[in-house]
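2 protein chains.
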Amino acid sequence: MNGFRWSKAEKIIAKEAFNNAYQRECNNIIKEIKEYKLKNPEDIWSLSKMLKEREKEINNIYDYRYSQLIFIFGILIKRGFLSIDELDGLSGDKIEQIKKLMSL
Amino acid sequence: MNGFRWSKAEKIIAKEAFNNAYQRECNNIIKEIKEYKLKNPEDIWSLSKMLKEREKEINNIYDYRYSQLIFIFGILIKRGFLSIDELDGLSGDKIEQIKKLMSL
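Structure below.
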């Protein structure tokens, strides 16, 4: 997967898809926070723990390096934060590789 | 401050005051979370950071050891989560010491 070359047009598509997925994932977390049952002191610490986990997860996934992007897009589609259609314009071999990852 | 002796009746008063202050402080944090401006991804990470700080603060302050209680009560009153009246029933020397700490 490291061998792919990215054209200028593909880089624009990739960056937009990446940013959109990030925004959606964060909107999801915001929704999760707003709906969090906060009644007792222990709810605060469990929310804090949840946010630490989300932060770690997000930092692990959203690693914008061209050598990682195909893999990341596969994950983001599987997680439901990106659709394959948003990657229209990437070369056939990249799309094929992403689809392979999606099917794993 | 380590030299104070606590009667059974004083221990009950102290425990209740301590628990009430903890509950109020946590209610305050819950209010803070509910009013937190959550619009952009960075708001999530700043909320997460704030909660980590609150957790550390709370763990530092709420240390229920009789050797620490006078000092803690002084802090809790200064922070506005406890009133001196709630400690009615503690011995005069303890109240005096707490008032001294409050005036610092």
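First to last, the protein sequences are chains F and Y. The first sequence runs contiguously to residue 176 in this note's numbering. The second sequence runs contiguously to residue 176 in this note's numbering. We treat Cβ as the ideally placed atom computed from N, Cα and C, and that holds for glycine. Because the structure is a prediction, the values reported are computed rather than measured.
- Message: Judging by CA-CA distance, which residue of F:Glu97, F:Ile85 and F:Ile102 is the nearest neighbour of F:Tyr134?
- Response: F:Glu97
- Query: Is it buried or exposed for F:Ser120, if we count other Cβ within 10 angstroms and need 16 for buried?
  - Reply: buried
- Under 8 Å between the Cβ atoms of F:Phe76 and F:Lys166? yes
- Message: Can you pull out the residues from the region 133-152 of chain Y whose beta carbon lies closer than 9 Å to at least one beta carbon of chain F?
- Response: none
- Query: Between the beta-carbon of Y:Phe153 and the beta-carbon of Y:Ile170, is there less than 8 Å?
  - Reply: no
- Message: So, with DSSP's three-state summary, where would you put F:Leu119?
- Response: helix
- Task: Along the alpha helix (DSSP H) that carries Y:Leu173, what are the first and last residues, could you check?
- Result: Gly164 to Met174
- Query: What did DSSP end up calling Y:Asp157 once you bin it into helix, strand or coil?
  - Reply: helix
- Option in Y:Leu173, Y:Gly161 and Y:Met174 with minimal Cα separation from Y:Glu82: Y:Gly161
- Item | Buried versus exposed, by CB contacts within 10 Å (16 or more), F:Ile84 | exposed
- Query: Can you tell me whether F:Leu176 is buried or exposed, with buried defined as 16 or more other CB within 10 angstroms of its CB?
  - Reply: exposed
- According to a CB-to-CB cut-off of less than 8 Å, which residues of the region 92-106 of chain Y neighbour chain F? Tyr94, Gln95, Cys98, Ile101, Ile102, Ile105 and Lys106
- Query: What are the start and end residues of the alpha helix (DSSP H) that includes Y:Phe143?
  - Reply: Leu141 to Arg151
- For chain Y, find out if any of its Cβ atoms is closer than 8 Å to the Cβ of F:Leu154; answer yes or no. no
- For F:Leu110, return the contacting residues in chain Y, with the cut-off set at a CB-CB distance below 8 Å. Ile102, Ile105 and Lys106
- Chain-ordered chain Y contacts of F:Leu119 [CB-CB under 8 Å]: Ile105 and Leu123
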